[in-house]
Amino acid sequence: MNAAQNEFAAYLDGLLQAGLYIGGILEELVNLHRAGEFDRRVLVSSAFLFLDAGHDNVGNHIANGVLALIRHPEQMRALQDNPALVKDAAAEMLRYDGPVDCLRPRYAFEAVELGSQVIRRGDKVYASVLAANRDPEKFENPNVFDITRDKEQHLAFGKGDHFCLGSQLARIEAEVAITTLLARRPTLSLAVGLDEIEWNESLLLHGMKAFPVRVGK
Ligand code: HEM
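Residue numbers (our numbering): 271 to 487.
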């Protein structure tokens with residue numbers, strides 16, 4: 271862990287020891303720890319993972335998704351006319367401009383040839399789900415934002431053993447946030463030019479540094 275991560279882990283440890291959490295999953299984890307299921311290090315790193323994995327991703331998913339709606343007014347209108355489309359719309363937002371770029375790094379067990387590249391045994395590999403979600407072999411017109419695509423086939427929540435543990439919660443959070451936002455602020459628009467938006471420079475997270483919007487016409 272780097273210095274900031276160590277500092278945050280120590281801060282969380284202090285909160286957990288002082289009992290400064292409200293019910294829910296943290297309480298469950300503390301109870302399991304007290305029952306001897308795992309040590310303090312696992313308790314703190316699990317709390318860290320939930321906060322870290324659960325916070326930025328959902329925020330960036332909602333922001334990137336609302337940006338996609340603003341950039342595609344006909345899709346925004348379709349969703350406003352038929353709010354029942356929100357589930358499909360949120361799935362398409364995850365495919366089109368999801369909040370995770372690369373998965374956590376993996377290490378190759380054996381040499382693999384992929385496209386024109388050779389990945390050697392032991393190489394560290396970052397797989398971009400953002401790129402996979404625009405794969406023309408998988409998605410028709412991958413660069414088109416279409417909230418009526420009929421199946422959720424994106425990889426925004428990963429795949430396999432490490433598939434996102436919070437995907438159901440994230441889906442509910444995004445659906446509630448987007449529905450509420452569009453109902454309360456139906457004339458949302460960008461307050462700056464598209465090319466003025468700055469994106470965070472991160473291999474893992476894909477989100478804007480700021481998202482300036484106007485709420486009236
Ligand atoms: C839109 C929101 C979210 C997205 C796009 C997302 C995406 C992902 C992805 C791609 C992975 C797999 C990482 C990998 O294989 O390297 C992952 C893992 C994980 N996510 Fe999420 N996530 C979201 C929200 C959440 C929330 C709300 C929580 C919990 C409150 C959460 C908890 C976790 C945990 C604990 C893992 C690790 C699972 C494991 O390693 O077995 N995520 N997430």
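For each residue, glycine too, the CB sits at the ideal point set by N, CA and C.
Pick from the options that is closest to residue i, judged by C-alpha positions
i, options, result
"E380", "Y366, R391, H424", "R391"
"P482", "S459, H476, S472, L473", "S459"
"S316", "V399, L290, L299", "L299"
"R342", "I389, P353, Y366", "According to the sequence displayed, residue 342 carries His and not Arg. Nearest option by C-alpha distance: Y366."
"L282", "A378, R311, D393", "R311"
"S472", "D465, R455, P369, I340", "P369"
"V462", "V414, L285, I340, L400", "I340"
"A397", "R347, D420, L425", "L425"
"F427", "N301, G324, H303", "G324"
"Q438", "D465, I467, A360, P456", "A360"
Rounded distance between the beta-carbons of residue j and residue i, thought under 8 Å
i, j, result
"I417", "L349", "6 Å"
"A444", "G294", "Not confirmed; about 19 Å, so no contact."
"L475", "D371", "7 Å"
Residue i, DSSP secondary structure in three states
i, result
"V300", "helix"
"L553", "Outside the displayed span of the chain (271 to 487) sits residue 553, for which this structure offers no information."
"Y281", "helix"
"R376", "strand"
Bridge-paired residues (DSSP) for residue i
i, result
"E443", "In DSSP, E443 forms no bridge with anything."
"Q275", "BP columns for Q275 are empty, so no partner."
"E383", "V388"
Length at least 4, wholly inside the region 398-471: the alpha helix (DSSP H) runs in chain order: 399-402, 437-454
Alpha helix (DSSP H) runs wholly inside the region 326-367, at least 4 long, in chain order: As summarised for the region 326-367, the continuous alpha helix (DSSP H) elements at least 4 residues long and confined to that stretch are 343-351, 356-367, given in chain order.
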